[in-house]
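Sequence positions in the sequence shown follow our numbering and run 168 to 397.
Here the structure comes first, spelled out in structure tokens, and everything after it is commentary.
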Amino acid sequence: MQKSSLFQKSLTKIWDTYSKDVGKSLIHLGAVGWIFGALAQIGALAFNKKIDKEEKNFLFPQEIADGIINVGLYYTICQGIKSFADKCVDKGKFIPEFVHSAYEKLTANKNLFSQAQQTQIFDSKKNLTKTLNAVTDSAFVKNLPISTQNFITNEIKPAAAKLSGWKNGIGTLATFGASVLACNIITPYARNIIASKIQSMTGKKTYYDYKAYGKICSFSQSKTFSKFKI
């Protein structure tokens with residue numbers, strides 16, 4: 168039997184991590200995108216010979232500050248909103264009726280489990296995801312009586328799968344909304360405030376004079392897209 172390579176194991180690990188939480192993958196990929204965007208802008212500024220050294224000494228801190236703001240606000244806003252959405256699902260604030268009904272059946276049948284098992288399943292703070300995952304864990308189920316195993320298999324396991332997909336979807340939608348808020352409203356506003364402060368302290372322009380220096384990055388348009396006129 169052929170052993171999996173380190174690359175294959177890494178891909179499997181990444182898939183197992185992000186397939187169950189698409190919102191997390193969007194946040195991480197978005198943050199990485201902002202980081203590479205900032206590095207590209209700083210690198211292009213460094214190699215642009217049309218900008219003199221004095222101007223670069225002023226523009227470098229500005230670009231670094233923009234990069235930090237972009238990455239920092241994007242990640243914190245998206246992660247904060249997604250975490251809030253996840254917590255609302257875990258607390259049962261908005262969940263499918265099927266999941267709610269299964270959870271009520273589980274709590275009503277606590278007597279099927281020993282006191283130690285109840286402690287393992289139910290947390291002091293209500294958390295549906297943790298509870299349903301704990302009670303449907305294969306290592307936990309195999310030590311239970313057959314009648315209890317059947318109850319979990321027929322009533323609780325489908326609800327746990329439903330809740331997992333539901334939470335994934337809610338987290339993804341929350342991340343989309345948060346990214347729009349961060350990228351199009353809060354981050355530009357914060358950058359403008361920082362740029363205004365830099366300008367007031369230095370008396371210099373906080374933007375590039377493209378007529379004097381030319382564009383830092385220039386990309387030719389594809390002939391395919393040039394055919395479309397709006």
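Quick reminder that beta carbons are idealized off the backbone N, C-alpha and C, glycines included.
{"Item": "Which same chain residues end up closer than 8 Å to Lys297 when comparing Cβ atoms and leaving out the 5 residues on each side of it in sequence?", "Value": "Asp257 and Asp290"}
{"Item": "Just to confirm my understanding: we take Glu230, look at its own chain, exclude 5 residues before and 5 after, and list those with CB closer than 8 Å. What are they?", "Value": "Ala205, Gln208, Ile209 and Leu212"}
{"Item": "Roughly how many angstroms separate the alpha carbons of Ala301 and Lys191, rounded to a whole number?", "Value": "22 Å"}
{"Item": "Is it right to say Thr179 is buried, meaning 16 or more other beta carbons lie within 10 angstroms of its own, or is it exposed?", "Value": "exposed"}
{"Item": "In the DSSP assignment, find the alpha helix (DSSP H) that holds Ser413 and state where it starts and stops.", "Value": "The question about residue 413 has no answer here: the residues shown for the chain are numbered 168 through 397."}
{"Item": "Can you tell me whether Gln208 sits near the ligand NAD, meaning its C-beta is under 6 Å from at least one heavy atom of the ligand?", "Value": "Absence of the ligand NAD from the depicted structure is noted, as is the absence of any ligand whatsoever, leaving it without description."}
{"Item": "Would you mind stating whether Ile323 and Ala275 have Cβ atoms separated by less than 7 Å?", "Value": "no"}
{"Item": "Given Leu193, which residues of its chain have a CB within under 8 Å of its CB, disregarding the five upstream and five downstream residues?", "Value": "Cys245, Thr339, Thr342, Phe343 and Ser346"}
{"Item": "Use the C-beta contact count for Thr354: other C-beta atoms within 10 angstroms, 16 or more gives buried, fewer gives exposed.", "Value": "buried"}
{"Item": "Express the C-alpha separation of Asn359 and Gly294 in angstroms, rounding to a whole number.", "Value": "The sequence as given places Asn at residue 294; Gly does not occur at that position. Rounded to whole angstroms, Asn294 to Asn359 spans 41 Å at the Cα level."}
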